[in-house]
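Residue numbers (the numbering used here): 143 to 532. Input: a single structure, listed below in C-alpha cells.
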C-alpha cells in the first residue's frame, strides 16, 4: 500500500494565488468608496445639511441703547523734541589766539558775570596805549589852534580899529587915499587869517573827537578779549581748546538755558487753520511721564513747501528737573472739543457708501437712517443729525 503524497505548490501556483488576493483587495476598496459616496449623497453624512441646502435662520442678538451726550475731541498725535528756549553759541568778537578757557561742559554760568574765555591781548594793549597817545597829541593840537585863534582875534581887533580911524581921517582929508587903502587891505587880510584860525581850531576839535573814538574802540577791543556769558544756563558743549585760533563766527562754547524749555513738533499743513497760538491745548508726555496740560505758544508763519508741514511750539510750565533738552516727547494737539450726541462706533454701518444707523420705531421694528458722523472718541461716534441723535 502506497502512502499518499502532499503536493507542494509550485512557483507558478504561488504567483497566481497572490494576484487573486490583490485583485480581491482592490475590489473591496472600490466597493467601499462607492458605498461611502452613496451614503453622503443620500444625506446621511456630516455634510448632509450643506449638500441639501438647508437654510437655517440664526437669531442675531442685538443691544438697544439710547444716544448719550458726551465730550468729543479732535486729537492729533505726533512726536516732538524738548528744546531749550534760549541757547547761545559764543564765539570771539575779535580774531586771535585763545589764551584761556575758564569753563567746561556742565558748568553753570551767569549772564554778564561768568568769564568764558580770553583772547591774546598783547597787541590790543599796545594799540590802546598808542590811541591814548594819539588822543593826547590831538588835544595839544586843539589847544594850539585855540591859542592861535585868540592871537589872530587880537590882530583882527587892532586892524579893525586902525581901519576905522583911517576911514575918519580920510573923510576929514587928514590922510591920503593910498594910506587908507593900505589899512583897509591889512584889515581884510587879518580877517581872512582869523577865518583860517577858526577853521584850524574846528579841525583840531574834530581830531580830538576822532582820537577819542579810536581810543574807545581800542579799549572795547581790549575788553572783548575777555568774553562773558551772554545768558544764564549751563555749558552744553565746548568746541575749542586753549592755544587754538579763534575768530568771529566760530563758536568756542554753547550755553543752554535749562530753566526755560519748550516742546517743538510738526503738524500737517491741512491743520494749519485749526491751530491758534495762546488757545490750542497740547498734551505732552516725556519718558512715560505726562506733563501738565500745555498751550501752544507759537505757530510758524509759513508752511514748509517740501514736506507740507508747519512747526508748533509750547513753552513748558511746571516741569521736573528730569526733563532735559533733546528728549523725545509724545505730543497730542487738541484742535477741537465739544459736547454732542454719540453712539457706539459699531452701531454705525456703511451701506451704499453712506453711514447708516438703525433705530427702533414705536412698533419695535428696526428702521435704517442715513446719518452724518463727526468726531470719534473713546469708541463712540458723534452724530450730527438732530432728528436721529435727539
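We treat Cβ as the ideally placed atom computed from N, Cα and C, and that holds for glycine.
Can you have a look at residue i and say buried or exposed, based on whether 16 or more other CB atoms are within 10 angstroms of its CB?
{"i": "residue 273", "result": "buried"}
{"i": "residue 170", "result": "Low local confidence applies: a pLDDT of 43 at residue 170 is under 50, so the model's placement there is unreliable, and no value is given."}
{"i": "residue 404", "result": "buried"}
{"i": "residue 451", "result": "buried"}
{"i": "residue 318", "result": "exposed"}
{"i": "residue 524", "result": "buried"}
{"i": "residue 325", "result": "buried"}
{"i": "residue 260", "result": "buried"}
{"i": "residue 367", "result": "buried"}
{"i": "residue 429", "result": "exposed"}
{"i": "residue 484", "result": "buried"}
{"i": "residue 332", "result": "buried"}
{"i": "residue 436", "result": "buried"}
{"i": "residue 522", "result": "buried"}
{"i": "residue 343", "result": "buried"}
{"i": "residue 517", "result": "buried"}
{"i": "residue 263", "result": "buried"}
With the cut-off set at 9 Å, would you say residue i and residue j are in Cβ contact?
{"i": "residue 464", "j": "residue 431", "result": "yes"}
{"i": "residue 291", "j": "residue 395", "result": "no"}
{"i": "residue 268", "j": "residue 471", "result": "no"}
{"i": "residue 302", "j": "residue 346", "result": "no"}
{"i": "residue 279", "j": "residue 390", "result": "no"}
{"i": "residue 475", "j": "residue 413", "result": "yes"}
Can you tell which of the options has the C-alpha that lies nearest to the C-alpha of residue i?
{"i": "residue 495", "options": "236, 512, 256, 314", "result": "512"}
{"i": "residue 243", "options": "388, 515, 428", "result": "388"}
{"i": "residue 312", "options": "303, 322, 304", "result": "322"}
{"i": "residue 473", "options": "298, 445, 521, 407", "result": "407"}
{"i": "residue 457", "options": "211, 332, 205, 224", "result": "224"}
For residue i, which beta-bridge partners are listed by DSSP?
{"i": "residue 364", "result": "Its beta-bridge partners do not exist; DSSP assigns none."}
{"i": "residue 228", "result": "Beta-bridge pairing links residue 228 to no other residue."}
{"i": "residue 496", "result": "493"}
{"i": "residue 440", "result": "455"}
{"i": "residue 410", "result": "451"}
{"i": "residue 429", "result": "Bridge partners of residue 429: none, in fact."}
{"i": "residue 383", "result": "Partner(s): none; residue 383 has no beta bridge."}
{"i": "residue 238", "result": "388"}
{"i": "residue 502", "result": "508"}
{"i": "residue 214", "result": "480"}
{"i": "residue 519", "result": "522"}
{"i": "residue 223", "result": "406, 470"}
{"i": "residue 486", "result": "522"}
{"i": "residue 250", "result": "376"}
Please tell me whether residue i has its Cβ less than 9 Å away from any Cβ of chain D.
{"i": "residue 242", "result": "In the displayed structure, chain D is absent; only one protein chain is listed."}
- Item | At least three beta-carbon pairs within less than 8 Å, the segment 373 to 387 to the segment 418 to 433 | no
- Task: Check whether the segment 291 to 305 touches the segment 336 to 350, taking contact to mean three or more Cβ pairs, one atom from each stretch, closer than 8 Å.
- Result: yes
- Item | Contact the segment 368 to 375 vs the segment 246 to 262: 3+ CB pairs below 8 Å | With a cut-off of 8 Å, the segment 246 to 262 and the segment 368 to 375 count as touching, because enough Cβ pairs lie within range.
- Touching by the beta-carbon criterion (3+ pairs, under 8 Å), the segment 346 to 354 and the segment 233 to 247: no
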